[in-house]
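S.K.: Before I ask anything, here is the structure I am working with.
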Amino acid sequence: MLETNGPAVRVSPRQIGRYTLHEEIAFGGMASVYLGRSIGDAGFARTVALKRLHPQYARDPEFVAMIVDEGRIAERIRHPNVVSVLDVVAANGELLLVMEYVHGESLGKLLALERAAGRRVEPALLSAVVIGLLQGLHAAHDAKDASGTPLGIVHRDVSPENVLVGVDGVARVLDFGIALAAERVQTTRDGQLKGKLGYVAPEQLSGKPATPAVDVYAAGVVLWQALTGRKLFDGPNEAAIMMETVQGDLKPPSRFVPDLAPGVDEVVMKAIARDPAERFASADDLASALEAALPPAR
């Protein structure tokens, strides 16, 4: 997961291939994201976002394969609610994932800012953002290769930090760094949990294979959190959060926001059902139900 910085961290422009790196705009344990420019023929230039693997990982074949896989997976998903991947560049000992630049902020950051200001985000606006998230996830789940074979993509890391809300009002899914896909080259170590605790579905904690249902669950948790202004699971440590995920009391959002529109509770609680069979059959089905129960801002 990448985290957005506060003010952009200015660095001396650096040229890698045909791309120039400027300010660092987000960072994570494995990579940082920079504002960049691509330079083409005849003076053509374009602003892009450049995900740069940290130098200590750029020489590790496993991490290199992870970034290359992320590019291959995301490139197959063409949808307005998914951040587009444009290129993968390996040059001068560096590895870059080139993405479209979206001027905006993560949903997590926006919720934190509103909470700090003592404000509540209008439910209709949150509905629009989460519906966009769900449509992007559905596009990923439904993606196929050039021959029409389903790719079996599951994001596995849906959280407010991985939902980018642009100034154009469009929500976009980003960061397919740990996504599961049928044609993925890089493999994960046995028993290694993928995802952010608090958004990881109960079946993942018991070691069952990840399916699109885990993304539906995580999107439901994001919706619950956005509506209530608090985390669904907020134990003092990882063990407590895992225990809450498996057997904690699931309260409907109206317990904390009494004036929610009728029907919203039913949609949210079905999305976060512990049994995958009791959830919505797809991200698209959840989006349709949410739109009916809580019409989004236009």
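Per my numbering, the sequence shown runs over residues 107 to 404.
All residues carry an ideal CB built from backbone N, CA and C; glycine is no exception.
With burial defined as no fewer than 16 other Cβ atoms inside 10 Å of the residue's Cβ, what is the status of serine 265: buried or exposed?
M.R.: As a position in the sequence shown, residue 265 is number 159, starting the count at 1. Buried, because 16 or more other Cβ atoms sit within 10 Å of the Cβ of serine 265.
S.K.: In chain order, what residues of the same chain have a beta carbon less than 7 Å from the beta carbon of glycine 242, not counting five sequence neighbours either side?
M.R.: Numbered from its first residue, the sequence shown carries residue 242 at position 136. The answer, listed in chain order, is His185, Asn187, Val188, Arg278, Val279.
S.K.: Could you give the first and the last residue of the continuous alpha helix (DSSP H) run that contains arginine 152?
M.R.: Position 46 of the sequence shown, counted from the first residue, corresponds to residue 152. Unbroken run through arginine 152 is the beta strand (DSSP E), 151–159; no alpha helix (DSSP H).
S.K.: Considering only C-alpha positions, which residue in the set Ile145, Val320, Ala132, Arg380 is nearest to histidine 244?
M.R.: Numbered from 1 along the sequence shown, position 138 holds the residue referred to as residue 244. Of Ile145, Val320, Ala132, Arg380, the residue nearest in Cα terms is Val320.
S.K.: Rank Gly272, Arg120, Ser190, Ile145 by C-alpha distance to the C-alpha of arginine 158 and give the top, closest one.
M.R.: In the sequence shown, counting from the first residue as 1, residue 158 sits at position 52. The option with the nearest alpha carbon to arginine 158 is Arg120.
S.K.: Please determine, among Val208, Ala379, Ala316, Leu201, the residue with the shortest C-alpha to C-alpha distance to leucine 338.
M.R.: Residue 338 sits at position 232 when you count from the first residue of the sequence shown. Cα-wise, what sits closest to leucine 338 is Ala379.
S.K.: In terms of residues, what are the limits of the beta strand (DSSP E) holding histidine 209?
M.R.: Stepping through the sequence shown from its first residue, residue 209 is reached at position 103. Where histidine 209 is concerned, there is no enclosing beta strand (DSSP E), given that its DSSP letter is neither H nor E.
S.K.: Pair every Cβ in the region 214–230 with every Cβ in the region 309–324, then say whether three or more of these pairs are closer than 8 Å.
M.R.: The region 214–230 is not in contact with the region 309–324.
S.K.: Do you know offhand how far alanine 393's Cα is from tyrosine 323's?
M.R.: The residue given as residue 393 occupies position 287 in the sequence shown. The residue given as residue 323 occupies position 217 in the sequence shown. Their backbone Cα atoms lie some 13 Å apart in a straight line.
S.K.: Between the Cα of arginine 361 and the Cα atoms of Ala222, Met375, Ser388, Glu350, which residue gives the shortest distance?
M.R.: Indexing the sequence shown from 1 puts residue 361 at position 255. For arginine 361, the nearest C-alpha among the options comes from Met375.
S.K.: Work out the CA separation of arginine 178 and proline 401 for me, nearest whole Å.
M.R.: On the sequence shown, residue 401 is found 295 positions in, with the first residue counted as 1. On the sequence shown, residue 178 is found 72 positions in, with the first residue counted as 1. Looking at the two C-alpha atoms, the distance is approximately 35 Å.
S.K.: For the putative contact between proline 359 and aspartate 371, defined by C-beta atoms under 8 Å, what is the C-beta separation to the nearest angstrom?
M.R.: By one-based count along the sequence shown, residue 359 stands at place 253. By one-based count along the sequence shown, residue 371 stands at place 265. Yes, proline 359 and aspartate 371 are in contact; Cβ-Cβ is about 6 Å, under 8 Å.
S.K.: When the Cα atoms are used, what is the spatial distance from tyrosine 163 to methionine 136?
M.R.: Here residue 163 refers to the residue found at position 57 of the sequence shown. Here residue 136 refers to the residue found at position 30 of the sequence shown. Those two C-alpha atoms are separated by around 7 Å.
S.K.: Could you check where the alpha helix (DSSP H) with glycine 177 kicks off and where it finishes?
M.R.: Residue mapping note: residue 177 aligns to position 71 of the sequence shown, counting from 1. Start and end: 167–181.
S.K.: DSSP three-state label for glutamate 200, please.
M.R.: Along the sequence shown, one-based indexing puts residue 200 at 94. Of the three classes helix, strand and coil, the one that applies to glutamate 200 here is strand, per DSSP.
S.K.: Could you give the distance in angstroms between the alpha-carbon of glycine 123 and the alpha-carbon of leucine 192?
M.R.: Here residue 123 corresponds to residue number 17 of the sequence shown, with the count starting at 1. Here residue 192 corresponds to residue number 86 of the sequence shown, with the count starting at 1. So the two alpha carbons sit approximately 14 Å from each other.
S.K.: Drop a sphere of 10 angstroms on the beta-carbon of aspartate 147, count the other beta-carbons inside from all chains shown, and report buried for 16 or more, exposed for fewer.
M.R.: In the sequence shown, residue 147 corresponds to position 41, counting from 1. Looking at its Cβ environment, which holds fewer than 16 other Cβ atoms inside 10 Å, aspartate 147 is exposed.
S.K.: State yes or no: is the C-beta of alanine 249 within less than 8 Å of the C-beta of isoleucine 183?
M.R.: Here the question's residue 249 lines up with position 143 in the sequence shown. Here the question's residue 183 lines up with position 77 in the sequence shown. Yes; because the gap between Cβ atoms is below 8 Å, this pair is in contact.
S.K.: If we ignore side chains and look at the alpha-carbon of each, how far apart do aspartate 390 and arginine 143 end up?
M.R.: Counted from its first residue, the sequence shown places residue 390 at position 284. Counted from its first residue, the sequence shown places residue 143 at position 37. Their backbone Cα atoms lie some 35 Å apart in a straight line.
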